[in-house]
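In the working numbering, the protein residues as written are 2 to 97.
We put the beta carbon where it would ideally sit given N, CA and C, even for glycine.
I have placed the structure first, in the form of structure tokens, so that the comments after it can refer back to it.
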């Protein structure tokens, strides 16, 4: 497990937290004596616009989440309620 990988995208600084390597398929051409080695990782969380030392880094006191493209998976959320230990988002199974 890699605790943090810091880099950047077009949107700015990014930190990927808790990367775990997954099985990845490469390609070997025995006739040409060449090979492509592939690596694939699964990421627990992504923190945009800043670099931190990992998910346990104590540099933050609070954070707010956002999702992009969620409407491709779910209909529009009817309610979002922030509680002390959880965030509850209500989504209907069917449109009314």
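Does DSSP put residue 41 in a helix, in a strand, or in coil?
strand
Cutting at 7 Å between CB atoms, please list the residues of its own chain near residue 12, excluding the five before and the five after it.
49
Under three-state DSSP, which class holds residue 80?
strand
Of the choices 85, 39, 89, whose alpha-carbon is the least far from that of residue 26?
39
Let's test the definition: count the other Cβ atoms within 10 Å of the Cβ of residue 10 and tell me whether it reaches 16, buried, or not, exposed.
So residue 10 counts as exposed.
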